[in-house]
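A.B. asks: Okay, here's the structure, questions in a sec.
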Amino acid sequence: MLGVRTEATSNQAPVTLWCMCSFGSTTRPQSRGRTDCRRTTPGLKRSFALLGHWELAFHFRFSAVHVAGVENRIADAGSRSSSNRALGRNINVHQVLRPLRAWYQWATRHRIHPALLVYSTEERLQLITDFILHGFQHGFGCGRPVRGSIIVATLQGILHFFHAAGLQFPCDHPQIRMLLRGIARLDAPVRHKAPVSIQVLEHCFGPLNLSTPSDQALWVVVSVILFPATSRFSWFALKAADIAVLDHSGSPTSLASEAMSVHIRLKGSKTNQRGKPTLRMLNRSGHQFLCPVFGAICLLKARHGLPLEIPAAVYINACGRPECVSSLPLAKSIRQAASSLGSNPAEFSAHSLRAGGATHMYRAGIDALTIQFHGRWASDTFKQYTRLCKESVNELATKIVSGSKHMHRLQ
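Everything in the sequence shown is counted per this note's numbering, starting at 112 for the first residue and increasing by one.
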């Protein structure tokens, strides 16, 4: 039993809640009093999901201020829009209910009671096993097989609602865990997406209508992620107040003819949750429209007076309501451009922007340390994003045999 003091904001007035959560041990013991979020138990994850459900259902806004003496910007990322309560109503509730709907549709199709009230433990295990095998072969509504991690996430989502209703859903039974472990072994290796080329991005820009805020905001995301100062996910938590367009004298400007550089202040990331903000400066690229400064100018036009404290990827849609750029239209635009150039669109996604930025920096001869620091990679992970190019291997064979024919080894 754990008591958590939570400051929340409802539709009427701020309130202070004491949430008594009973989920046993939250994490395994760690050395030096640190907590490894990768070892978080399912009980803690369910508690986080419950807090998220309260935000969606009752329009509460939970903040990480209840953690005394700790500044955790990543945990507070979901509460950055508390100053504008209208944004909370635009969150897609269907994503929370998707696992439960998949279970309900499968159960009703097979004439099974969705709540499993009339079944014994053995029968429940068999039904859950059949549900897992169905997802492994056909997916959960997508019409194709899914990976083991998606099956586990779906089961955890169903388990949350069963526990909330006081019902049993034994997906943590050893038999089920063994089945999931076997399915994970059959998953195909992860295939990294192809990096975007400059030609693909130029074709992405062609169909866009920069007179509409949605296309303006989409091009902002493309322009900034390509020049890897931000990752795909940290960009969506970046606030507009952290982006500034400056002229020759270092003064803020909104005129494209006077803008020379864009300055980005990154307050937190997965690898830097408590450190000082990181500053990044990007100058004009020289390209007509594939330029971070041009993207920042589009940002100023797309927001139409929205508060600076909300995420920069939010714009005013055609209905006059705030909306956030998602990775779906971003990936769709890249795939359409790749398909028009004769490439396989399945090889591209939103991750292709991050890989494209790292690859083009590598092709330009930028040293690995600069790529790592500028992209805010805390380890050699950036090498997984970088792809070998033809220019780097053209003279590889010649260089191998052009050295000394004798090898002198130190004994």
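Cβ coordinates follow ideal geometry from the N, Cα and C atoms, glycine included.
Source: prediction; values computed, not measured.
Just the Cα atoms here: how many angstroms apart are L417 and H274?
C.D. replies: Counted from its first residue, the sequence shown places residue 417 at position 306. Counted from its first residue, the sequence shown places residue 274 at position 163. Going from the Cα of L417 to the Cα of H274 covers about 40 Å.
A.B. asks: With DSSP collapsed to three states, give me the class of K443.
C.D. replies: Translated into the one-based positions of the sequence shown, residue 443 becomes position 332. Three-state result, K443: helix.
A.B. asks: Just checking my contact of F251 with I294 at CB under 8 Å: how many whole Å lie between their CB atoms?
C.D. replies: Here residue 251 refers to the residue found at position 140 of the sequence shown. Here residue 294 refers to the residue found at position 183 of the sequence shown. Rounded, the Cβ-Cβ distance is 14 Å, inconsistent with contact.
A.B. asks: For L357, which residues of its own chain have a beta-carbon under 8 Å away from its beta-carbon, when the five flanking residues on both sides are left out?
C.D. replies: Residue mapping note: residue 357 aligns to position 246 of the sequence shown, counting from 1. Cβ neighbours of L357 beyond the five flanking positions: P363, T364, A370, M371, S372, V373, H374.
A.B. asks: DSSP beta-bridge partners for H314?
C.D. replies: Stepping through the sequence shown from its first residue, residue 314 is reached at position 203. Bridge partners of H314: none, in fact.
A.B. asks: Would you kindly work out how many angstroms separate the C-alpha atoms of S513 and I309, rounded to a whole number?
C.D. replies: Counting from one through the sequence shown, the residue named residue 513 turns up at place 402. Counting from one through the sequence shown, the residue named residue 309 turns up at place 198. One C-alpha to the other measures close to 34 Å.
A.B. asks: Given that a residue counts as buried once 16 or more other Cβ atoms are within 10 Å of its Cβ, and exposed if not, what is R302?
C.D. replies: Here residue 302 is taken as the residue at index 191 of the sequence shown, counted from 1. Result: exposed.
A.B. asks: In this structure, does DSSP put R376 in helix, strand or coil?
C.D. replies: In the sequence shown, residue 376 corresponds to position 265, counting from 1. R376: strand per DSSP, three-state reduction.
A.B. asks: Could you check the C-alpha separation between K443 and P256 for me, to the nearest Å?
C.D. replies: The count along the sequence shown starts at 1 and reaches residue 443 at position 332. The count along the sequence shown starts at 1 and reaches residue 256 at position 145. Near 21 Å, if we compare the C-alpha coordinates of P256 and K443.
A.B. asks: How would you label H224, buried or exposed, when you count the other beta carbons within 10 angstroms and need 16 or more for buried?
C.D. replies: By 1-based counting over the sequence shown, the position of residue 224 is 113. The residue is exposed, with fewer than 16 neighbouring Cβ atoms inside 10 Å.
A.B. asks: Roughly how many angstroms separate the alpha carbons of R235 and C282, rounded to a whole number?
C.D. replies: One-based indexing of the sequence shown puts residue 235 at position 124. One-based indexing of the sequence shown puts residue 282 at position 171. Those two C-alpha atoms are separated by around 9 Å.
A.B. asks: Tell me whether the beta-carbon of F459 lies closer than 8 Å to the beta-carbon of A449.
C.D. replies: Sequence index remark: in the sequence shown, residue 459 carries index 348 (1-based). Sequence index remark: in the sequence shown, residue 449 carries index 338 (1-based). Against a cut-off of 8 Å, the Cβ pair of A449 and F459 comes out as a contact.
A.B. asks: Taking only the alpha-carbon atoms, compute the straight-line gap between A175 and A352 and give it to the nearest angstrom.
C.D. replies: Translated into positions along the sequence shown, residue 175 becomes position 64. Translated into positions along the sequence shown, residue 352 becomes position 241. Summary for A175: the model assigns pLDDT 45, below 50, so the residue's position carries little reliability, and this model does not support an answer.
A.B. asks: Report back the beta-carbon spacing between V436 and A328 to the nearest angstrom; my notes put them in contact at under 8 Å.
C.D. replies: As a working note, residue 436 is residue 325 in the sequence shown. As a working note, residue 328 is residue 217 in the sequence shown. Contact flag correct, Cβ pair sits at about 5 Å.
A.B. asks: Taking contact to mean at least 3 C-beta pairs separated by less than 8 Å, is the stretch 397-410 in contact with the stretch 304-324?
C.D. replies: Yes, they touch.
A.B. asks: Do V332 and A424 count as a contact pair if the criterion is CB distance below 8 Å?
C.D. replies: If you number the sequence shown from 1, residue 424 lands on position 313. If you number the sequence shown from 1, residue 332 lands on position 221. A contact, by the Cβ cut-off of 8 Å.
A.B. asks: What are the partner residues of T389, as DSSP defines its beta bridges?
C.D. replies: Walking along the sequence shown from the start, residue 389 turns up at place 278. Partner(s): L377.
A.B. asks: In the DSSP assignment, what are the bridge partners of K357?
C.D. replies: Stepping through the sequence shown from its first residue, residue 357 is reached at position 246. One point to set straight first is that residue 357 is Leu, not Lys, in the sequence displayed. Paired residue(s): P363, S372.
A.B. asks: From C130 to L161, what distance separates their C-alpha atoms?
C.D. replies: Within the sequence shown, residue 130 is the residue found at index 19, counting from 1. Within the sequence shown, residue 161 is the residue found at index 50, counting from 1. Unreliable placement is indicated for C130, whose pLDDT of 44 sits below 50; the coordinate value is still reported in the next sentence. So the two alpha carbons sit approximately 11 Å from each other.
A.B. asks: Alpha carbon to alpha carbon, how far is L393 from P403? Give it in angstroms, no decimals.
C.D. replies: Mapped onto the sequence shown, residue 403 falls at position 292. Mapped onto the sequence shown, residue 393 falls at position 282. Approximately 7 Å between the Cα atoms of the pair.
A.B. asks: Taking just the CA atoms, how far does L439 sit from F242?
C.D. replies: Here residue 242 corresponds to residue number 131 of the sequence shown, with the count starting at 1. Here residue 439 corresponds to residue number 328 of the sequence shown, with the count starting at 1. Using only the alpha carbons, I get a separation of about 28 Å.
A.B. asks: For my contact list, L419 and K350 are in at a C-beta cut-off of 8 Å; report their separation, rounded to the angstrom.
C.D. replies: By one-based count along the sequence shown, residue 419 stands at place 308. By one-based count along the sequence shown, residue 350 stands at place 239. Their Cβ separation, rounded to whole angstroms, is 7 Å, which keeps L419 and K350 in contact under 8 Å.
A.B. asks: Thinking just about the alpha-carbon of each residue, which of P324, M289, C253 is nearest to the one in R432?
C.D. replies: To locate residue 432, count along the sequence shown from 1; it is residue 321. Checked all of P324, M289, C253; the closest Cα to R432 is P324.
A.B. asks: What three-state label does DSSP hand V229 in the structure shown?
C.D. replies: Counting from 1 along the sequence shown, the entry for residue 229 is found at position 118. Of the three classes helix, strand and coil, the one that applies to V229 here is coil, per DSSP.
A.B. asks: In angstroms with no decimal places, state the Cα-to-Cα distance between I482 and V307.
C.D. replies: In the sequence shown, the residue the question calls residue 482 occupies position 371. In the sequence shown, the residue the question calls residue 307 occupies position 196. Rounded to the nearest angstrom, the two C-alpha atoms are 17 Å apart.
A.B. asks: For P456, report the span of its beta strand (DSSP E) as first-last.
C.D. replies: In the sequence shown, residue 456 corresponds to position 345, counting from 1. No beta strand (DSSP E) holds P456; DSSP gives it neither H nor E.
A.B. asks: Quick check on A429: buried or exposed, where buried means 16 or more other Cβ atoms within 10 Å of its Cβ?
C.D. replies: Residue numbering aside, residue 429 sits at position 318 when the sequence shown is read from its first letter. Exposed is the call here.
A.B. asks: Would you list the residues sitting across from N320 in a DSSP beta bridge?
C.D. replies: As a first step, residue 320 must be located in the sequence shown, where it is residue number 209. In DSSP, N320 forms no bridge with anything.
A.B. asks: Given a cut-off of 8 Å on the beta-carbon distance, is the pair G259 and L211 in contact?
C.D. replies: Walking along the sequence shown from the start, residue 259 turns up at place 148. Walking along the sequence shown from the start, residue 211 turns up at place 100. No, the Cβ-Cβ distance between G259 and L211 is not below 8 Å.
A.B. asks: Could you give the distance in angstroms between the alpha-carbon of Y230 and the alpha-carbon of F280?
C.D. replies: Along the sequence shown, read from residue 1 onward, the residue named residue 230 stands at position 119. Along the sequence shown, read from residue 1 onward, the residue named residue 280 stands at position 169. Whole-angstrom Cα-Cα distance: 11 Å.
A.B. asks: Consider the Cβ of S260: report whether some Cβ of chain B lies at a distance smaller than 8 Å.
C.D. replies: The structure shown has no chain B; it contains just one protein chain.
A.B. asks: At the level of alpha carbons, what is the spacing between L366 and S360?
C.D. replies: Taking the first residue of the sequence shown as 1, we reach residue 366 at position 255. Taking the first residue of the sequence shown as 1, we reach residue 360 at position 249. Distance between the alpha carbons of L366 and S360: 14 Å.
A.B. asks: Tell me the rounded alpha-carbon separation between E434 and K412.
C.D. replies: Numbered from 1 along the sequence shown, position 323 holds the residue referred to as residue 434. Numbered from 1 along the sequence shown, position 301 holds the residue referred to as residue 412. Cα-Cα distance, rounded: 15 Å.
A.B. asks: Tell me whether the beta-carbon of L441 lies closer than 8 Å to the beta-carbon of A466.
C.D. replies: On the sequence shown, residue 441 is found 330 positions in, with the first residue counted as 1. On the sequence shown, residue 466 is found 355 positions in, with the first residue counted as 1. Taking 8 Å as the Cβ cut-off, L441 and A466 do not qualify as a contacting pair.
A.B. asks: Fully enclosed by the stretch 231-258, which beta strand (DSSP E) runs are 3 residues long or longer?
C.D. replies: None, since the stretch 231-258 contains no complete beta strand (DSSP E) of that length.
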